[in-house]
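Notes to accompany the following structure.
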Amino acid sequence: MTPRRVPKSVVVAGIVALALLLGGRITACTPAQTIAAAGPTAAPTADPTTTPTAPPKQPATDTPPVATRPGGSTIGPVAGVKKSAGQNVALTFDDGPSPYTPQLLALLRAQGIKATFCLIGTEVQKYPHLVAQIAREGHTLCNHSWHHELKLGTKSVGTIEANLARTNAAIRRAVPGATIRYYRQPGGMWTPNVVSVAKSLGMTPLGWSVDPNDWRRPPAKTITDRVLRNTHRGSIVLMHDGGGDRSATITACRTIIPTLKKQFSLVPMR
Ligand SMILES: [Zn+2]
1040 MTPRRVPKSV VVAGIVALAL LLGGRITACT PAQTIAAAGP TAAPTADPTT TPTAPPKQPA
1100 TDTPPVATRP GGSTIGPVAG VKKSAGQNVA LTFDDGPSPY TPQLLALLRA QGIKATFCLI
1160 GTEVQKYPHL VAQIAREGHT LCNHSWHHEL KLGTKSVGTI EANLARTNAA IRRAVPGATI
1220 RYYRQPGGMW TPNVVSVAKS LGMTPLGWSV DPNDWRRPPA KTITDRVLRN THRGSIVLMH
1280 DGGGDRSATI TACRTIIPTL KKQFSLVPMR
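Take 1040 as the starting number for the sequence shown in the working numbering and just add one per residue.
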């Protein structure tokens, strides 16, 4: 047999698979750290294109909280923002719709799962047929502002109201008579004004409790691990189907959704 060069990615995948086989928990280790710890002689066996399937995880108590967006807190300090899915787990997808949305919808459909989509007005205008598809497939609609204005809450009540109403109008042009149950402030930068305007327009302010920072485009496995480690009963998980290249999020969801489905009831916000 001719010895051949083994690509580094094969070594990493092999070590990860080996560690999983041995029952070791891979927690905070980066692949580089894993290699250093395991040494260079570990046998590469796994197909590098196959993501190792992580075993179902218990709610994590040993991992630090996931970082938040600069300038914004994960859950704003403002009262009246919903941040629990009760006894269940809710998957929420922000910043769409986008050309990635159909892949996510197909995945949700195949798994029989309903989610919540927080839509940006300008994207609704670009892809009204995707908004119609989201609604038709039974997912919950959430207003995510007209153009993702992070500082909307600092504007006048009139400005906030016009922004949210314009977004709702665009959604209802795509889906006549749509029920829009929620508003989610971009960046979680809630203010008392934005909370009260959302409520006055019939929308519940929607926060989140698990944020894998997928919008920063880490590898799919990182997104998967962050979500699976931090999700427990009541979690509202924040991910993104819009706002850029979301292929890693879609890939992550192929593991996240079936794994969470075995442990929790995955529900749309109601
Ligand atoms: Zn957003």
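Note that beta-carbon positions come from the ideal geometry of N, C-alpha and C, so glycine has one too.
For clarity, every value in this text was computed on a predicted model and none was experimentally measured.
Would you call the region 1211-1228 and the region 1167-1184 touching, i.e. three or more CB-CB distances under 8 Å?
-> yes
State the start and end residues of the unbroken beta strand (DSSP E) segment that holds HIS1279.
-> Its beta strand (DSSP E) spans residues 1275-1279.
Within 10 angstroms of the Cβ of SER1286, are there 16 or more other Cβ atoms? Answer buried if so, exposed if not.
-> Only exposed fits SER1286, as fewer than 16 other CB atoms lie within 10 angstroms of its CB.
Apply the 10 Å Cβ neighbour rule to SER1137 and answer buried if 16 or more other Cβ atoms are within range, or exposed otherwise.
-> buried
For ASP1250, verify whether its CB is less than 7 Å away from any heavy atom of ligand 1.
-> no
CB GLU1200 to CB VAL1236, shorter than 8 Å?
-> yes
ASP1253 beta carbon near ligand 2 (any heavy atom closer than 7 Å) | This structure lacks ligand 2; the ligands present are ligand 1.
Tell me, to the nearest whole angstrom, how far the beta carbon of ILE1159 is from that of GLY1283; I am working on the premise that it is less than 8 Å.
-> That pair is no contact at about 12 Å.
May I ask you to report which of helix, strand or coil DSSP gives SER1304?
-> Coil at SER1304, not helix or strand.
Cβ shell of ARG1223 (< 6 Å), same chain only, five flanking positions each side left out | Excluding sequence neighbours, ARG1223 sits near CYS1157, CYS1181, HIS1183 and LEU1245.
Do you know how far the Cα of VAL1196 is from the Cα of GLY1273?
-> 32 Å
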